[in-house]
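In the UniProt record's numbering, the protein residues as written are 1 to 302. Quick reminder that beta carbons are idealized off the backbone N, C-alpha and C, glycines included. All figures in this text were calculated on a predicted structure; none of them were measured in a lab.
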Amino acid sequence: MTCCNSYSLSCHIQHYGWGKKGKESKVAKLMGTKADPNKPYAELWVGTHKKGPSFLRETNILLSEYIDKEKEAAVGRHCYARFASELPFLFKVLSIRKTLSIQAHPDKLLARALHQKDPANYPDKNHKPELAIALEDFEALCGFRKVDAILHFFSQYKRKCLKECFTQLMNADEVVIKQSLAELVSALRAKVTLFLFYSSLYYFEFKGLRNSLEDLIIRIYKDFSSDPGVFCILFMNYIKLKPGDALFVRPNTPHAYLSGDCVEAMACSDNVVRAGLTGKFKDVSTLCDMLDYSSEVLLLPC
């Protein structure tokens, strides 16, 4: 194998609506040009995926074309023999202003089946395990909380009961969801209203009558007042990462990134099965069937 030169890459920017805007976005800063203050800069993609391929800056040729030309010299004998001109991974930088969808990524077997059935919404045959490393304080929902932490009686029925409850929730009528959410948020807000009344009356201070999950529900509700995904906060692990902490998300694991900046490394795929907190295509039945309903916490310090 001969040694290749180093080249600067021109990488693709995804302007998803949940991204941080203008100079507030780390993605925009990495772009190296003046950012539109009203435009979201959500993701920076580094790789050969057809939805956002990288180019060699000096020659303006696709990275995949360069690999195809240089072959083993570019990526090594084993990598080229298995993946040819496509990189097996996709590297991203994310800048999150607004909650991403409740989602999961399929394993290899399901990815192939979904792609064959619906290639428009599932464009890849590949799975998508991913590792996120926080660049700043970062919030996420990931995996299911322990059953007895969701409701005490769930401990009798374990995963089957959790799956049935979660599935019925995600398929509930929008009118019912909207009314139930309004009642829940009203009750949570009343807790602080009552506390403020008493604190002003007796002149004492006490930090927070609501817990962090309840505060999160109110925050997400502002953008998704009729979305069953808000209730997922009660089912899922609420994780806060410090810079350098890592979160590994296996296929079939429910998750949603909430805020902050991170880098991600994943298999080269853009398959996403969504079921809540989004206006994009949702595939609720597939998501509920595919999920891993175990309660393993996937947080590792880097």
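- DSSP places residue 68 inside the alpha helix (DSSP H), whose first and last residues are 63 to 70.
- Taking a 10 Å sphere around the C-beta of residue 116, we find fewer than 16 other C-beta atoms and assign the residue as exposed.
- DSSP places residue 231 within a helical segment (H, G or I) once states are collapsed to three.
- According to DSSP, residue 104 shares a beta bridge with 273.
- Membership of residue 128 in any beta strand (DSSP E) is not indicated, and neither H nor E is assigned to it by DSSP.
- In terms of Cβ geometry, residue 7 and residue 57 form a close pair [threshold 8 angstroms].
- Secondary structure note for residue 6: it is in no beta strand (DSSP E), with a DSSP letter that is neither H nor E.
- Taking a contact to require three or more Cβ pairs closer than 8 angstroms, the segment 105 to 121 and the segment 212 to 227 do not qualify as touching.
- Per DSSP, residue 268 lies in no alpha helix (DSSP H) and is assigned neither H nor E.
- When DSSP states are grouped into helix, strand and coil, residue 259 belongs to the strand group.
- Per DSSP, residue 28 is one residue of the alpha helix (DSSP H) stretching across 26 to 31.
- For residue 94, the secondary structure class from DSSP, reduced to helix, strand or coil, is strand.
- For residue 280, the secondary structure class from DSSP, reduced to helix, strand or coil, is coil.
- Ranked by how close their Cα comes to the Cα of residue 288, the residues 143, 270, 178 have 143 in first place.
- Distances from the CA of residue 236 to each of 214, 243, 242, 226 were compared; the closest alpha carbon is that of 214.
- Shown here for residue 284: same chain residues with a beta carbon closer than 7 angstroms to its own, the five before and five after excluded, namely 170, 171, 275 in chain order.
- In this structure, the straight-line span from the alpha carbon of residue 295 to that of residue 36 is close to 42 angstroms.
- DSSP places residue 137 in no alpha helix (DSSP H); its state is neither H nor E.
- Out of 45, 33, 30, the CA that lies nearest to the CA of residue 268 is found in 45.
- For residue 248, the enclosing beta strand (DSSP E) starts and ends at 245 to 249.
- The beta carbons of residue 280 and residue 95 sit about 19 angstroms from each other, so the pair does not count as a contact at 8 angstroms.
- Using a Cβ distance threshold of 8 angstroms, residue 141 and residue 30 do not count as a contacting pair.
- Three or more Cβ pairs closer than 8 angstroms define a contact, and the segment 232 to 246 falls short of that threshold against the segment 119 to 129.
- Here residue 240 carries a strand assignment [DSSP, helix/strand/coil].
- Taking all protein chains in view, the Cβ of residue 175 is surrounded by fewer than 16 other Cβ atoms within 10 Å, so the residue is classified as exposed.
- In this structure, the alpha-carbon of residue 71 lies about 58 angstroms from that of residue 182.
- Only residues of its own chain outside the window of five on either side were considered, and among them 14, 92, 94 have a CB closer than 6 angstroms to the CB of residue 43, listed in chain order.
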